[in-house]
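Below is one structure, written out as structure tokens; the observations come after it.
In my numbering, the protein residues as written are 2 to 61.
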């Protein structure tokens, strides 16, 4: 009976994992362009409204 080639199987798993990771990074890189306009609109008023006005007047 043939002996299993564990090194080959491991290499295939590593390549699959690497490819999946690259695809995920690519999707994340494309995603902020689409949702980027939505996220700052929701995030900035809460952050900027709470932090920036409180900090800016005392400094000026």
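Quick reminder that beta carbons are idealized off the backbone N, C-alpha and C, glycines included.
Which of helix, strand or coil DSSP assigns to residue 17:
helix
Distance check for residue 2 and residue 19, CA to CA, integer angstroms please.
32 Å
Cα-Cα separation, residue 9 to residue 21
18 Å
Of all the CB atoms in chain D, is at least one closer than 8 Å to the CB of residue 20?
Absent from the structure is chain D; it holds one protein chain and no more.
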